[in-house]
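A.B. asks:
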Amino acid sequence: MDEAAARERLLRRRAELSDEDRMSAADRAPVTLDQDSVGRLSRIDAMQVQAMALATEQRRAAERRRIDAALKRIDAGEFGFCLTCGEEISPARLAHDPSLSQCVGCASEERS
Ligand SMILES: [Zn+2]
């Protein structure tokens with residue numbers, strides 16, 4: 019994958035993440051429902067929705083950090099090389115996710 023295509027995909031994904039953030043902002047708001055009017059169960063429901071929205075938001079934040087780091091590597095001319103061993107990351111791997119920063123060998127070693 020060339021750098022221009024990678025940059026475009028990263029920026030598009032970044033915009034998607036921002037859209038999702040905006041759409042879920044209401045779910046993440048502190049639970050302020052009046053217990054008398056909505057009852058205890060609804061309050062628990064609302065808190066579960068909020069907890070799930072927060073977890074999703076944290077996943078998005080982590081992905082956004084990976085995307086920003088990948089965009090920086092493109093700017094620095096270091097895109098496509100493994101951050102751990104310096105070898106080239108396989109094009110198929112980058113086509114799957116241009117924000118990846120490790121070759122398949124290093125990534126699987128870190129997981130194990
Ligand atoms: Zn590596």
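Each number in the working numbering corresponds to the 1-based position in the sequence shown with 18 added. Glycine included, each C-beta is placed from N, C-alpha and C at the ideal position. Computed from a prediction, not measured in an experiment: that's the story for all the values here.
#1: What is the DSSP secondary structure of E105, counted as helix, strand or coil?
#2: Whose C-beta lies closer than 8 Å to the C-beta of L72 among residues of the same chain, with five residues either side of it excluded?
#3: Alpha carbon to alpha carbon, what distance is there between A44 and R91?
#4: Go through its chain and collect everything with a Cβ distance to E38's Cβ below 7 Å, but skip five positions before and after it.
#5: If we ignore side chains and look at the alpha-carbon of each, how far apart do R31 and R61 end up?
#6: Under the rule that 16 or more other beta-carbon atoms within 10 Å means buried, what is A23, buried or exposed?
#7: Under 8 Å, do L89 and R25 count as touching if we go by C-beta distance?
#8: At a cut-off of 7 Å, would you count T74 as near ligand 1, judging by its Cβ distance to the nearest heavy atom?
C.D. replies: Put simply:
#1: Translated into positions along the sequence shown, residue 105 becomes position 87. Of the three classes helix, strand and coil, the one that applies to E105 here is coil, per DSSP.
#2: The sequence position of residue 72 within the sequence shown is 54, counting from 1. So the qualifying residues of the chain are R46.
#3: Here residue 91 refers to the residue found at position 73 of the sequence shown. Here residue 44 refers to the residue found at position 26 of the sequence shown. Computed Cα separation, rounded: 34 Å.
#4: The residue given as residue 38 occupies position 20 in the sequence shown. Taken in chain order, the residues that qualify are R78.
#5: In the sequence shown, residue 31 corresponds to position 13, counting from 1. In the sequence shown, residue 61 corresponds to position 43, counting from 1. Going from the Cα of R31 to the Cα of R61 covers about 34 Å.
#6: Here residue 23 refers to the residue found at position 5 of the sequence shown. Exposed, since its Cβ has fewer than 16 Cβ neighbours within 10 Å.
#7: Residue numbering aside, residue 89 sits at position 71 when the sequence shown is read from its first letter. Residue numbering aside, residue 25 sits at position 7 when the sequence shown is read from its first letter. Cβ distance < 8 Å, so L89 and R25 count as in contact.
#8: As a first step, residue 74 must be located in the sequence shown, where it is residue number 56. No, the beta carbon of T74 sits no closer than 7 Å to any heavy atom of ligand 1.
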